[in-house]
Amino acid sequence: TACTIVDYLFNKVQGSSVDESMRFFSDSIEYRDFNYETMLKGTAEVRKFIEDFSLPGITFIAQKIDDGELSCCFTWEIQIMDAPTTVLGISFYEMDPEERRIVYVRDCPESAIKPPPLAKFARDFRPGLGVFEGVPIGSRPGGK
16 TACTIVDYLF NKVQGSSVDE SMRFFSDSIE YRDFNYETML KGTAEVRKFI
66 EDFSLPGITF IAQKIDDGEL SCCFTWEIQI MDAPTTVLGI SFYEMDPEER
116 RIVYVRDCPE SAIKPPPLAK FARDFRPGLG VFEGVPIGSR PGGK
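Going by our numbering, the first residue of the sequence shown is number 16, and it counts up by one from there.
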């Protein structure tokens with residue numbers, strides 16, 4: 016299942032082998048991380064992304080993993096060396112039902128700066144800006 020793959024990747028492999036991680040991603044993988052403007056497409060781009068974050072001192076800790084069959088949502092935190100705070104986030108992985116490999120990923124990390132400076136400024140300046148709303152479907156390039 017998608018959740019079994021997530022559990023394996025983040026609780027067993029834990030960045031120790033990029034090759035082992037990559038065998039679970041489809042050649043047609045689309046990977047969106049909210050820290051980046053553009054979506055990563057294909058295994059070459061995703062491999063580079065994983066390699067860039069497979070560094071000593073960065074520990075990725077899966078917290079709660081749901082029980083989906085073809086898709087999986089999970090929360091996580093990143094510990095960076097001995098930093099006093101962690102970065103929290105949530106991710107969604109979707110598996111192709113026939114290929115049984117991951118075809119879509121969306122990572123949504125919180126700001127690494129606590130509190131986020133622009134958000135704090137906006138709330139102090141205009142408190143109503145702290146209310147979040149969805150965005151219209153199709154309003155972002157690529158629509159995903």
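Even glycine gets a Cβ: it sits at the ideal position worked out from N, Cα and C.
Only a predicted model underlies this, so the values are computations on that prediction, with no experimental measurement involved.
Ranked by Cα distance from D122, the first of S106, S36, E113, E52 is S106. Between F39 and I117, the CB-CB gap stays under 8 Å. Counting the other CB atoms within 10 Å of its CB gives M96 a total below 16, which places it among the exposed residues.
Excluding five sequence positions before and after I73, the CB atoms of its chain that fall closer than 7 Å to its own CB belong to I93, I95, given in chain order.
Taking 3 residues as the minimum length, the beta strand (DSSP E) runs contained wholly in the region 69-126 are 73-80, 86-95, 102-110, 117-124, in order along the chain. DSSP lists D122 as the beta-bridge partner residues of D48.
Spanning the alpha carbons of C87 and G153 requires a straight line of approximately 23 Å. DSSP, reduced to helix, strand and coil, places S41 within a strand of the structure shown. In the DSSP assignment, T19 falls within the alpha helix (DSSP H) that extends over 17-23. Under DSSP, K56 forms a beta bridge with E45. A Cβ-Cβ distance of about 12 Å is found for the pair F68 and Y46, leaving them out of contact under the 8 Å criterion. Residue burial is scored here from C-beta neighbours: L70 has fewer than 16 other C-beta atoms within 10 angstroms and is therefore classed as exposed. The C-alpha of Y108 lies about 17 Å from the C-alpha of V33.
Excluding the 5 residues flanking it on each side, V61 has same chain C-beta neighbours closer than 7 Å at F40, I44, Y46, L55, in chain order.
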